[in-house]
Amino acid sequence: MALETGMRRGEILRLKWEDLDMKNNMIYIADPKNNDPRHVPMSSRVKALLASLPRRLRADYVFVGVKKWQTVGKDGIPFTDVDTSFRNACAKEGIEDFTFHGLRHTAASHLVMSGVPLRTVGEILGHKTATMTERYSHLTPEHKRNAIETLSSCYNSATIAQEAGR
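Residue numbers for the sequence shown, in this note's numbering: 2 to 167.
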């Protein structure tokens, strides 16, 4: 969810069913960190994930404990932390030195590397300044290498000779 939306951990854990607009594929973040409510578009994968989740009676929150899994929270009570589960999942996959918040940075980076304008990325993430969005978006070495390779398509030997003679 974090990787596909760029949402903060707290925003995900506080997500209520009433915040989901499945018809228009939007998630309403009513209480973000910066106190500026926003709408986050929902990808088809996020929509499928959310649609597959069981809705618990008398549970307003999307991510809640389930009685049959006694080790996963209390039935109908929203999760307040996922650090241990996240660390365990990372360890199982051999991922080191990575935090849940890193998913937000990864989402921002992938959006930028896919050509999404910084302003759009900032609005999705709920940043108030372009500087913050720039801090979140990191370009991979491969992306930079591919970018520089596009220069070769701009030049041919005739163009280079012509420009060199100027």
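Each residue gets a CB set at the ideal place from its N, CA and C atoms; glycine is no exception.
Any idea which residues DSSP pairs residue i with across the strands?
i: residue 21; result: 28
i: residue 62; result: 17
i: residue 41; result: 28
Roughly how far, in whole angstroms, is the beta-carbon of residue i from the beta-carbon of residue j, given that I think they are within contact range, below 8 angstroms?
i: residue 140; j: residue 3; result: Incorrect: roughly 20 angstroms between the Cβ atoms, too far for contact.
i: residue 134; j: residue 116; result: No, residue 134 and residue 116 are not in contact; Cβ-Cβ is about 15 angstroms, not under 8 angstroms.
i: residue 14; j: residue 81; result: 6 angstroms
i: residue 44; j: residue 97; result: Incorrect: roughly 28 angstroms between the Cβ atoms, too far for contact.
Is the distance from the Cβ of residue i to the Cβ of residue j below 8 angstroms?
i: residue 109; j: residue 11; result: no
i: residue 25; j: residue 129; result: no
i: residue 16; j: residue 87; result: no
i: residue 30; j: residue 47; result: no
i: residue 56; j: residue 18; result: yes
i: residue 37; j: residue 28; result: no
Shortest alpha-carbon distance to residue i belongs to which of the options?
i: residue 145; options: 113, 81, 136; result: 113
i: residue 39; options: 127, 102, 92; result: 127
i: residue 1; options: 23, 156, 57, 9; result: Nothing about residue 1 can be reported from this structure: the residues present for the chain run from 2 to 167 only.
i: residue 136; options: 93, 120, 151; result: 120
i: residue 107; options: 155, 79, 32, 138; result: 138
Hey, is residue i's beta-carbon within less than 8 angstroms of any beta-carbon in chain D?
i: residue 3; result: Although the question refers to chain D, the structure presented lacks it and comprises just one protein chain.
>> To test your reading of the DSSP string, which unbroken beta strand (DSSP E) runs of 3 or more residues are found completely within the region 80-152?
In response: none
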